[in-house]
Structure formats: structure tokens, C-alpha cells
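Which chain is which? The protein sequence lines are H and E, in order. According to our numbering, the first sequence holds residues 6 to 69 in order. According to our numbering, the second sequence holds residues 227 to 451 in order. Don't be surprised by glycine CBs; every beta carbon is placed ideally from N, CA and C. As the structure is a computational prediction, the values presented were derived from the model and not from experiment.
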Amino acid sequence: MSRGETYVFAAYLALFAVVLGWLVIHAFKIARLSRELTELVELARRRDGKAPAPDAAEARVAGQ
Amino acid sequence: MRNNLGPALAVGALLVLGTGLVLALFWAPEDADQGFSQRIFYVHVPIALTAYACFGWGAWKALRLLWTREARYDLESYTAIHMGTIFGVLVLVTGSIWAKVSWGIWWSWSERQLVLFLVLFLFYSAYFMLRYSTDPGPRRANMSAVYALFGVVLIPVSFLAIRLAENFIHPVVFTRDGPQMAGSMFFVFCVCLAGMLLLAAALYQAELAGKRLDARVRELREALA
């Protein structure tokens, strides 16, 4: 690989790395929000005096 | 109604930017002066223009906030500036790589174009410090909006700096006579620019959706507390 090719590859890799980095951060954020929502659903169910039904909640999420 | 804008933008970005990068690497003619390394141009310049577009979009949303007082524009302006800063990092990284291969140095403080872009980038980086030093609410939204509007003034200055410079090594490609490159090179550049703008729009939509969801979860938590 020539010197020019190495630098071009590095520049294109930088773009790819930043987009991938953003994707990883966003995936962590979605996972956190999903966890918080599950907690809130359980909290709301406990307030209503109903037993938590995580399977039903997960089925709803999977059906989206 | 389901909002399919985000996925459509993401698919569009993948197709257009993917095509653009393949054309840039394998189809665009080699530059007589710089050789293969000139192909950095097809990512560096579209990324820079996209960063300007994001900052401009953030300023437009800030203006809308000050004009209409609708709270949603605060989050939209913040997200656009967030995206602009990410693309700003990429401008500096790809620009430095290109500088190293073309000029033999990573950075030149005597180049107004480079320094003004760095000033613009640091100005918008400080936006986050301002935003997170104030409690959420209308006051923070107004301060952030005014700051974002001040920053937009730097965009034309940064863009035109190269033409104001007397002696420079940063190349001028777009002049009053049009683009100073072959038609095929300009075509590839346009495809890459369209792809980069689509990528920024897709990231903006996803980021905005995430931030809105975050805000709603917080509201729900407060309501249930």
C-alpha cells in the first residue's frame, strides 16, 4: 500500500469509526431507556395493585 | 401514523454515500497534482459543508424558538448543533490527515481557513458548557438559542476566509468561474455531498427521537414518583 493510499484509508476509516462510535453510544442509550421503561411499567403496575407481567410487556415490545 | 422518515433517510444515506465512496475510490480520475491522496477531498469537503449545514440548521431552529416560543425548537436546535460538532470533529481529523499527506504537516496555524474553522468548532463546543451550566427551562432555552445564533455569523467568515487570505496553501476548488475540477470529479463530489447530508439528516432524526424519548421517560418517572 502506497503512502497516499494509507492516508486515504485513514480518512475514510475516521468517518466509519465516528459513525460506528455514534451507533454504539445510541445503542447504549436505547438499552438504558428500555430498562428505565420496564422499571416504570413495573412501578405503575405495583401502584395499580396488579402483579408485574414482564412477559406481556416484552411481547408488546416485540410486536412493535 | 407511523413516522418512516428516519429509516428512509438511513437507507438513502447508506445507498447514496456508499455509492459515492465507491465512485470516489474506484471511478473518479486521479488528480494530476496530488495523485491518489486527493481522494480525501470526496469525504473532507462534504463533511465540512455538512457541519456548516448542521450549525446553520441549529441556528434556524434557535431563531424559530425565539420567534415562536415553542419549546420543541430548543431540542431541535441542540440536536442539530450536536450533529454539527460530531461532523466538526471529522472535518478536523480528515483535514489533518490530508494536510499531512499533502503539505507534510498535521496543522498550520498560519492558515486562516483552518484556524477559523477551529474557532467555529470551539465556539460550538462551548455551547454545551453553557447549556449544561444552567438548569433546564425557558431561560436555558433562550440563552442557548441566542448563543447558537451568534455562532452562525462565523460560518460565512470561515467559508470565505480562504478568499480573504493573501498567501495560502489550502486549495481553492470552488471559484466564481465554477468548480475547478473535471466533470466526473464534480459528479462524484455531488454524490458524496448528497450522501453526507442524508447521513447527517438520518443521525439527526435518530438522535432527536432518542432525546425526545429520554425526556418523556423522565416526565413519566416524575409523574409516577
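Query: Neighbourhood of Q69/H by C-beta, 7 Å cutoff - its chain only, sequence neighbours within 5 removed; Result: The predicted position of Q69/H is uncertain, since its pLDDT is 49 and thus under 50; a value taken from the coordinates is nonetheless stated next. So the list is empty, once near-sequence residues are dropped.
Query: Positions along the region 26–49 of chain H whose CB lies within less than 8 Å of some CB in chain E; Result: W27, H31, K34, I35, L38, E41, L42, L45, L48, A49
Query: Residue nearest to W27/H in terms of C-alpha spacing, selected from R447/E, A441/E, L425/E; Result: L425/E
Query: D259/E in three-state terms, based on DSSP; Result: coil
Query: Touch test, the region 272–291 of chain E against the region 411–425 of chain E, Cβ-Cβ under 8 Å, three pairs minimum; Result: yes
Query: Chain E contact for G9/H (CB, 9 Å cutoff); Result: yes
Query: Simplified DSSP assignment, three categories, for P362/E; Result: coil
Query: Residues sharing a beta bridge with G436/E, DSSP; Result: Answer by DSSP bridge pairing: none, since G436/E is not bridged.
Query: Q264/E burial status per 10 Å Cβ neighbour count (16 or more: buried); Result: buried
Query: Where G409/E sits in the DSSP three-state scheme; Result: helix
Query: Cβ-based contacts, 7 Å cut-off: residues of the region 317–345 of chain E near chain H; Result: V319, T320, I323, W324, K326, V327
Query: Within-9 Å CB hit, F262/E to chain H; Result: yes
Query: Limits of the alpha helix (DSSP H) - the one that I307/E falls within; Result: 298–329
Query: Environment of Y12/H [buried if 16+ CB atoms lie within 10 Å]; Result: buried
Query: Per-residue contacts from I381/E into chain H (C-beta, under 7 Å); Result: Those within 7 Å of I381/E in chain H number zero; the least Cβ separation is about 21 Å.
Query: Supposed close pair G310/E, G284/E - CB separation, criterion 8 Å; Result: 6 Å
Query: Proximity below 9 Å, CB of I266/E to CB of A22/H; Result: no
Query: Continuous alpha helix (DSSP H) stretch holding W283/E: start and end; Result: 267–294
Query: Collapsed DSSP secondary structure at A254/E in the structure displayed; Result: coil
Query: Identity of the residue in Q260/E, W293/E, P364/E nearest W324/E by Cα; Result: Q260/E
Query: The alpha helix (DSSP H) enclosing W27/H, as first and last residue numbers; Result: 8–53
Query: Nearest neighbour of L235/E, chosen from A451/E, A288/E, Y430/E, V378/E [CA to CA]; Result: Y430/E
Query: Cβ neighbour criterion (16 or more within 10 Å) applied to F343/E; Result: buried
Query: Nearest neighbour of I307/E, chosen from A239/E, V237/E, V248/E, S351/E [CA to CA]; Result: S351/E
Query: Euclidean distance between Cα positions of E337/E and R8/H; Result: 24 Å
Query: A19/H to V319/E span [Cα, whole Å]; Result: 7 Å
Query: Span separating the alpha-carbon of L434/E from that of L291/E; Result: 16 Å
Query: 9 Å Cβ cut-off: residues of chain H touching L247/E; Result: Y17, L20
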